[in-house]
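Asker: Protein chains in written order, with our numbering: chain A, 1 to 379; chain B, 380 to 758.
Positions of the beta carbon are idealized from the N, C-alpha and C atoms, including for glycine.
1. Label residue 437/B either buried or exposed according to how many other C-beta atoms from any shown protein chain fall within 10 Å of its C-beta, with 16 as the threshold for buried.
2. For residue 645/B, which of 580/B, 599/B, 492/B has the nearest alpha-carbon?
3. Give the DSSP bridge partners of residue 350/A, in chain order.
4. Write down every uninterrupted run of the beta strand (DSSP E) in the region 226-292 of chain A whose length is 3 residues or greater and which is fully enclosed by it, in chain order.
5. Using a beta-carbon distance cut-off of less than 9 Å, what residues from the region 448-462 of chain B approach chain A?
6. Just verifying my parser: in three-state terms, what is the DSSP assignment at residue 598/B?
7. Check whether the Cβ atoms of residue 128/A and residue 164/A lie closer than 8 Å to each other.
8. Within 8 Å (strictly less), CB to CB, does residue 437/B reach chain A?
9. Pick helix, strand or coil for residue 553/B, following the three-state DSSP scheme.
10. Do you know how far the Cα of residue 345/A is from the Cα of residue 678/B?
11. Helix, strand or coil: how does DSSP classify residue 361/A here?
12. Can you confirm whether residue 654/B, when its beta carbon is compared against all beta carbons of chain E, has any partner nearer than 8 Å?
13. Select from 462/B, 442/B, 558/B, 527/B the residue whose C-alpha is nearest the C-alpha of residue 699/B.
14. DSSP on residue 529/B, reduced to helix/strand/coil?
15. Just to confirm before moving on: does the CB-CB distance between residue 97/A and residue 625/B stay below 8 Å?
16. Taking 8 Å as the CB-CB cut-off, is residue 701/B touching chain A?
17. Could you tell me which chain A residues have their CB closer than 8 Å to the CB of residue 659/B, listed as they occur along the chain?
18. Note down, one range per segment and in chain order, each alpha helix (DSSP H) of at least 4 residues found wholly within the region 74-144 of chain A.
19. Could you confirm whether any beta carbon from chain A is found closer than 8 Å to the beta carbon of residue 678/B?
20. Please report the distance separating the alpha-carbon of residue 166/A from that of residue 661/B.
21. Taking all protein chains shown into account, decide if residue 10/A is buried (16 or more other Cβ within 10 angstroms of its Cβ) or exposed.
22. Using only the alpha-carbon positions, how far apart do residue 230/A and residue 94/A sit?
23. Do residue 347/A and residue 219/A have their C-beta atoms within less than 8 Å of each other?
24. Shortest alpha-carbon distance to residue 742/B belongs to which of 570/B, 675/B, 758/B?
25. Please report how far the alpha carbon of residue 749/B lies from the alpha carbon of residue 66/A, in whole angstroms.
26. From residue 290/A to residue 213/A, what distance separates their C-alpha atoms?
27. How many Å lie between residue 27/A and residue 47/A at the Cα?
28. Along chain A, which residues have their Cβ under 7 Å away from the Cβ of residue 501/B?
29. Cβ of residue 590/B within 8 Å of Cβ of residue 615/B?
30. What would DSSP say about residue 674/B, mapped onto helix, strand or coil?
31. For a contact defined as C-beta to C-beta under 8 Å, what are the partners of residue 250/A on chain B?
32. Could you have a look at residue 50/A and say whether DSSP puts it in helix, strand or coil?
33. Let's test the definition: count the other Cβ atoms within 10 Å of the Cβ of residue 658/B and tell me whether it reaches 16, buried, or not, exposed.
34. Would you kindly report the start and end of the unbroken beta strand (DSSP E) that includes residue 588/B?
35. Quick one: what does DSSP say residue 449/B is sitting in, helix, strand or coil?
36. Compare the C-alpha of residue 520/B against each of 503/B, 642/B, 511/B and name the closest.
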């Protein structure tokens, strides 16, 4: 893998995907089934000639065809100041049954997270979050002067709402929840979550990060979006086009909040929206087929990885998102390095779970290769 | 014009440009010279079938062909977290003879301006600026809690450095200069500017916004970039890919400062960079031909508009940028509305110069049509 170019790494999941999976056999319409046959016969899956990106929870299939068409059509607008988000705001308003005034558009949900961190920092207060969880908001808040209070997950590695409630101090300005969480892909039980939001938001902001919302299919899960529709104050819900829509590189994300808070957040953001991302997201959010396809493929990939865990007796957290969190028992730095030697990029260490690994779902065929490598190295 | 679609408005300056300029004559290789003949004979230039965007100081020719090629090539990266700005930072470092550590990349120079406004706001200080000038920084700063001190331009409508120096208070955290200024397209004399920067930056930040830098050809003008290279503290210079590079819709801009300040600004930005904009800018900044072409065409357009001013005895400020500021003598709201009836969008009012108009340079043929309309309406 040492001679792989940066471009090959970047293109791994998309343009080159499928190409050269079996480099010794000429590619024909029958190639996939031949590969499955070889696999069924116990023959090795050959290493793909691209790097498998299993490290950033991206969508290996995106952007969708309609998004790509929209990107191409909007190239002619690239010289114009045309970042009016009205179209995408109206669409998201319809899709989520909230008012346009409830919506803040950011350059990725990263920007929504950063702005919330900025508000907490400017208020010189503290922020309560689970540990581990996604770091963008707390990192920004800490840099901007907020104190961060990290509350360890419980024995089942679930977000510990009771402990978080106890950790809230008088100066706590914001409580940050990620649902499903990341790197631990579990959900917060919906009734407990709702009760928490209603109680805690009486005096401070509750931020529910729903970046992986579209992947969840669990009766115990619920979005908090309906509370926004009902006029709940002090609540921010965020969503993103980076995950299921496969538009991480184009930076379009959404914050939902009471109109006053949403407009304050829009005023505080320093970033600007690019026209190609706006157009691509507008197309993609109307493309349910692609979202369904992505979900189907993601579950197929998860079945491969979780199947391996069952087979080898590896502890893992049943995934509600597009990534796995598995107890490899190996220090993650070593695990990452060994995997990278075989052309597979995996997630960074998430202390204190340094002997666990976060594996983002690439395509099912890539995850089969991952399993083969894992078994050879550690099985 | 009332039936023109939004898409036609947006596409006016680029995709449809040139099409249908003389709708009654079939387009042939001889069409342009025929049009000139008609014009020379006093015949009317017919209204183009697109809206002329003379309101936002955009580049009617951009993006360049190499930028477009780069955009197309990077569509495959749109699903990836790939906003590492290393390549563009290294390129800008080379081009401007500064260290990579001197550079902050923002989603447009808007983000650099906003972050500077945020820093001033968080410090709860005041900001001194010329009046009129570009508003992004002061608007953000004011919203974030800063007091804005506006210093009227002098009799020649030039930035009044002496008055600005006198306006500085003990709590002034930032002095904002735009050079060339906007909406008044004049420059600040280079020696006076340098002296001002060196003196004022001893105790506070001086921000020199050089968005129109590439258009200037005047021995009395100088960039302050060399001071950055020399290690000057408390100085921010900004540049943008939105103007001469024609990439306003893709939001890539640059702040240059001492490494400590540059990294503080990067930490404070809430926005994120999109991969297509990064790739397009990287290509465009290496395309000197396109920049030269844009400058040539801009000067041709300016000659058309300034020629009209000379002919009709209209006061105007000799332009160093890609726009004119002319004393129409008509309240700008009325002027804008009359022009829009003829398919020409012009700049908003810039109080107290409400009887002046800012005219952004569209293509020369569009500016000839503008002149024809102007003469008919007001000549």
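Answerer: Based on what the coordinates show:
1. buried
2. 492/B
3. 353/A
4. 235-240, 253-256
5. 450, 451, 453, 454, 455, 456, 457, 458, 459, 460, 461, 462
6. coil
7. yes
8. yes
9. strand
10. 51 Å
11. coil
12. Judged by its chain identifiers, the structure shown contains no chain E, and its protein chains are A and B.
13. 558/B
14. strand
15. no
16. no
17. 78
18. 86-96, 109-122, 136-143
19. no
20. 50 Å
21. Confidence in residue 10/A is poor, its pLDDT being 41 and thus under 50, which makes the residue's placement too unreliable to answer from.
22. 15 Å
23. no
24. 675/B
25. 38 Å
26. 15 Å
27. Low per-residue confidence applies at residue 27/A: pLDDT is 40, beneath 50, and the placement is therefore not dependable enough to give any value.
28. 122
29. no
30. helix
31. 457, 653, 654, 655
32. coil
33. buried
34. 584-588
35. helix
36. 503/B
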